[in-house]
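Student: Protein chains in written order, with the working numbering: chain Z, 1 to 117; chain S, 118 to 234; chain E, 235 to 351; chain L, 352 to 468; chain V, 469 to 585; chain B, 586 to 702. We put the CB at the ideal spot given by N, CA and C, even for glycine.
There are 6 protein chains.
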Amino acid sequence: MSQNLDEFQAFREKLNEKILDAGNLEIKRFFALDRKVYSEGALSAKTKELLGLTASFVLRCDDCIAYHLIQAKKENVSDAELYETMSIALVVGGSIIIPHLRRAVDFWEEISDKSNL
Amino acid sequence: MSQNLDEFQAFREKLNEKILDAGNLEIKRFFALDRKVYSEGALSAKTKELLGLTASFVLRCDDCIAYHLIQAKKENVSDAELYETMSIALVVGGSIIIPHLRRAVDFWEEISDKSNL
Amino acid sequence: MSQNLDEFQAFREKLNEKILDAGNLEIKRFFALDRKVYSEGALSAKTKELLGLTASFVLRCDDCIAYHLIQAKKENVSDAELYETMSIALVVGGSIIIPHLRRAVDFWEEISDKSNL
Amino acid sequence: MSQNLDEFQAFREKLNEKILDAGNLEIKRFFALDRKVYSEGALSAKTKELLGLTASFVLRCDDCIAYHLIQAKKENVSDAELYETMSIALVVGGSIIIPHLRRAVDFWEEISDKSNL
Amino acid sequence: MSQNLDEFQAFREKLNEKILDAGNLEIKRFFALDRKVYSEGALSAKTKELLGLTASFVLRCDDCIAYHLIQAKKENVSDAELYETMSIALVVGGSIIIPHLRRAVDFWEEISDKSNL
Amino acid sequence: MSQNLDEFQAFREKLNEKILDAGNLEIKRFFALDRKVYSEGALSAKTKELLGLTASFVLRCDDCIAYHLIQAKKENVSDAELYETMSIALVVGGSIIIPHLRRAVDFWEEISDKSNL
Chain Z
1 MSQNLDEFQA FREKLNEKIL DAGNLEIKRF FALDRKVYSE GALSAKTKEL
51 LGLTASFVLR CDDCIAYHLI QAKKENVSDA ELYETMSIAL VVGGSIIIPH
101 LRRAVDFWEE ISDKSNL
Chain S
118 MSQNLDEFQA FREKLNEKIL DAGNLEIKRF FALDRKVYSE GALSAKTKEL
168 LGLTASFVLR CDDCIAYHLI QAKKENVSDA ELYETMSIAL VVGGSIIIPH
218 LRRAVDFWEE ISDKSNL
Chain E
235 MSQNLDEFQA FREKLNEKIL DAGNLEIKRF FALDRKVYSE GALSAKTKEL
285 LGLTASFVLR CDDCIAYHLI QAKKENVSDA ELYETMSIAL VVGGSIIIPH
335 LRRAVDFWEE ISDKSNL
Chain L
352 MSQNLDEFQA FREKLNEKIL DAGNLEIKRF FALDRKVYSE GALSAKTKEL
402 LGLTASFVLR CDDCIAYHLI QAKKENVSDA ELYETMSIAL VVGGSIIIPH
452 LRRAVDFWEE ISDKSNL
Chain V
469 MSQNLDEFQA FREKLNEKIL DAGNLEIKRF FALDRKVYSE GALSAKTKEL
519 LGLTASFVLR CDDCIAYHLI QAKKENVSDA ELYETMSIAL VVGGSIIIPH
569 LRRAVDFWEE ISDKSNL
Chain B
586 MSQNLDEFQA FREKLNEKIL DAGNLEIKRF FALDRKVYSE GALSAKTKEL
636 LGLTASFVLR CDDCIAYHLI QAKKENVSDA ELYETMSIAL VVGGSIIIPH
686 LRRAVDFWEE ISDKSNL
């Protein structure tokens, strides 16, 4: 958000690589954990992405929201499911969530037009 | 948490009633919205409770966690599903979530022994 | 902030419309509540805008700050009143509020030159 | 809250004294600033207490809420003014504010019965 | 805090054990990481405890503060060093940190009298 | 971050000046305190910058991070020390810190090439 999809992903990948190459073992392990925790289990991968998305909304982290929106799109989350997730985030987190909803809806539209994420 | 189930529910009900009786219309409408947003829709009521629980964990609101744990128990959320939800909250929200995990697990055990919530 | 007044308002209006058109009833009700809560009552509309502004500062939401600054200007909040509001937000919320103070003062100056908000 | 008024004030005073006696100059200056910022100015002391109360609600600090409720009572804030302040805090901060509203209403009732705060 | 040292440690150990025994691998790995990250490295273990303590103060997690105060005591952090750490947390995080300073100073005094932590 | 070093410093200085010139005494005193709290004492200036940096990371304030990175560079903080500080912030604050790590590493590289900060 506040940048287009390609820029977002290019910066994200370049800097993640730099961080992982720097050799701090605890940060590396954290990054691995951050991927594993969303994989299919007792809860589906789709449900887990919605949990990650909700957490990202109420903690108001635009980059985290963008990342989980991309994953949600890959898991075939529908518009109605996205809006219900956002309605919970909004009620729990309050009106300070609204600017993040606006940017999320704008970004969701952008990635909905892409054939290839 | 930090109080048993009966005390938690008695205080909650008594004060909610006082707040609603005070006649502020906006607060009343917010309370109504706070119930409606978790009702069955494109997402199941169970998934919505897990979204509310995740939001409550990362925002570190013990009373909110207790409330959603009771609802999750009514929706037959399993131990494994609870732990996966908590693992996501922990990775997104960090180690400051851990004291809330401890109190949640303690409360979950307490309400698991109740035949009637 | 980080964008000029016209861009801010255009993006805000366009996306608010999209969100409201999407048909999620709870989000619609929340948006209605978010307007009503600032209307004249036992407290004046001006005082309520200052409460909303203080909340926006300590929660560090630049778009919310920009919105309430515009409303505060319409309610004839003086520079001295704005600075006293900011001093409370700063003491309660700490030095992490300072970057938001800088952007707020810059935006306040921008909207002070407008004859028509 | 979660403790009665007398305990709250006794612990608060005893520990504030210890902290100020420890001789850290910056902490001392911060405490002085924390008093001065609420004094009568372009905004009335009453309005400033409501700003401090709103900030305390949305940042979810029960002790801060208790302190500002005592000050608000001394400034003759009415029940309707308190509820309007809480309605703004609730809409801005979301449902995670509700447990704090409950404890605040309980505390407000307790201090309303005191002839001498 | 809000409980004495022995109760704090007994509850903490009992529930940590339950959480680790529940078999969620990601939570287990997070707990391991949470220990490792404070071990001696380019920065001393003492400095790392002060970093963890500062983070706990500004994020206002009393249990985390209590834990890091115990570790800080073991690393021979002096009263002056603790107060300087608290002064930074206070300036960065604002007056909402003050209730946590009070409880921390009370707890620090309690653990300072113990010959054996 | 999200702007280069020169722009960051120019905007920061210009607006700080405006804020200080506006004549609000409490804000002026807060700004003075915000400088003094990082000066050499029982803890070294370098350790204090790392405490300020950790607080800025977990509170997710990019401008604060940028400021403390510049100070850390002047205090000769090494790459390994920076990464260990970031690993603690990441474990305490969770994956929502990651976007700030990326921007911090990018900014650190930018200021590392400057002979004159």
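1. Identify whether residue 196 of chain S lies in helix, strand or coil by the three-state DSSP scheme.
2. Is it the case that the region 688 to 700 of chain B contacts the region 519 to 538 of chain V, given that we only count it when at least three CB pairs across the two stretches are under 8 Å?
3. Quick test of your reading: residue 197 of chain S and residue 42 of chain Z, contact by CB under 8 Å. State the CB separation rounded to the nearest angstrom.
4. Residue 205 of chain S versus chain Z: which residues are under 8 Å apart at the beta carbon?
5. Taking only beta-carbon positions, decide if residue 229 of chain S is within less than 7 Å of chain D.
6. Figure out for me which residue from S/214, S/185 and S/203 has the closest Cα to the Cα of residue 154 of chain S.
7. Check whether chain L comes within 7 Å of residue 618 of chain B, counting only Cβ atoms and requiring the distance to be less than that.
8. Mind pulling the chain V residues with CB within less than 7 Å of residue 448 of chain L?
9. Do residue 446 of chain L and residue 151 of chain S have their CB atoms nearer than 7 Å?
10. Under a three-way DSSP split, which group does residue 677 of chain B fall into?
11. Quick check: residue 288 of chain E and residue 398 of chain L, are their CB atoms within less than 7 Å of each other?
12. Rounded C-beta distance between residue 72 of chain Z and residue 8 of chain Z? I'm assuming under 8 Å.
13. Could you confirm whether any beta carbon from chain B is found closer than 7 Å to the beta carbon of residue 255 of chain E?
14. Give the straight-line distance between the Cα atoms of residue 672 of chain B and residue 494 of chain V, rounded to the nearest whole angstrom.
15. Grab me the residues of residue 517 of chain V's own chain with a C-beta within less than 8 Å of its C-beta, minus the 5 sequence neighbours each way, in chain order.
16. With distances taken between CB atoms, is the gap from residue 254 of chain E to residue 262 of chain E smaller than 7 Å?
17. For chain L, check one thing: does any of its Cβ atoms lie closer than 7 Å to the Cβ of residue 41 of chain Z?
18. In or out: residue 318 of chain E buried (at least 16 other Cβ within 10 Å) or exposed?
19. Leaving out the 5 sequence neighbours to the left and right, which residues in its chain are closer than 8 Å to residue 683 of chain B when beta-carbon positions are compared?
20. Going along chain L in order, which residues have a C-beta closer than 9 Å to the C-beta of residue 645 of chain B?
21. May I have the straight-line CA-CA distance separating residue 587 of chain B from residue 334 of chain E, to the nearest angstrom?
22. If you reduce the DSSP assignment to three classes, tell me which class residue 631 of chain B lands in.
23. Name, please, each residue of chain Z whose Cβ falls closer than 7 Å to the Cβ of residue 686 of chain B.
24. Assuming residue 110 of chain Z and residue 5 of chain Z make a contact with CB atoms under 8 Å, what is their CB distance in whole Å?
25. Looking at chain Z, is there any beta carbon in it that lies within less than 7 Å of the beta carbon of residue 543 of chain V?
26. Residue 538 of chain V CB to nearest chain S CB: under 7 Å?
27. Count the other CB atoms, across all protein chains shown, that sit within 10 Å of the CB of residue 701 of chain B; report buried if there are 16 or more and exposed otherwise.
28. Are any of the Cβ atoms in chain B nearer than 7 Å to that of residue 339 of chain E?
29. Is there a Cβ from chain E that is less than 7 Å from the Cβ of residue 146 of chain S?
30. Can you look up residue 389 of chain L in the DSSP assignment and give me helix, strand or coil?
31. How far does the alpha helix (DSSP H) with residue 659 of chain B in it reach, from first residue to last?
32. Check the Cβ-Cβ distances between residue 117 of chain Z and every residue of chain B, and say whether any is below 7 Å.
33. Compute the Euclidean distance between the alpha carbons of residue 316 of chain E and residue 326 of chain E, then round it to the nearest angstrom.
34. Answer yes or no: does any C-beta atom of chain S fall closer than 7 Å to that of residue 26 of chain Z?
Tutor: Once the coordinates are examined:
1. Correct three-state label for residue 196 of chain S: helix.
2. no
3. Indeed they touch by this definition, with Cβ atoms about 4 Å apart.
4. Those within 8 Å of residue 205 of chain S in chain Z are 37, 38, 48, 51, 52 and 55.
5. Absent here is chain D; the protein component of the structure consists of chains Z, S, E, L, V and B.
6. Ranking the options by Cα distance to residue 154 of chain S, first place goes to S/185.
7. yes
8. Those within 7 Å of residue 448 of chain L in chain V number zero; the least Cβ separation is about 14 Å.
9. Closer than 7 Å, so yes.
10. Three-state result, residue 677 of chain B: helix.
11. no
12. At roughly 15 Å, the Cβ-Cβ gap does not stay under 8 Å, so residue 72 of chain Z and residue 8 of chain Z are not in contact.
13. no
14. 17 Å
15. 506, 536, 539, 540, 543 and 545
16. yes
17. no
18. buried
19. 675
20. Going along chain L, no residue has its Cβ under 9 Å from residue 645 of chain B, so there is no contact; the nearest lies around 15 Å.
21. Low per-residue confidence applies at residue 587 of chain B: pLDDT is 47, beneath 50, and the placement is therefore not dependable, though the value from the model is reported in the following sentence. If you take the alpha carbons of residue 587 of chain B and residue 334 of chain E, they lie about 15 Å apart.
22. Assignment of residue 631 of chain B by DSSP, reduced to helix, strand and coil, places it in the helix class.
23. Those within 7 Å of residue 686 of chain B in chain Z are 19.
24. 6 Å
25. no
26. Judged by the 7 Å Cβ criterion, residue 538 of chain V is not in contact with chain S.
27. By the 10 Å Cβ count, residue 701 of chain B comes out exposed.
28. yes
29. yes
30. coil
31. 647 to 659
32. no
33. 16 Å
34. Not one chain S Cβ lies under 7 Å of residue 26 of chain Z.
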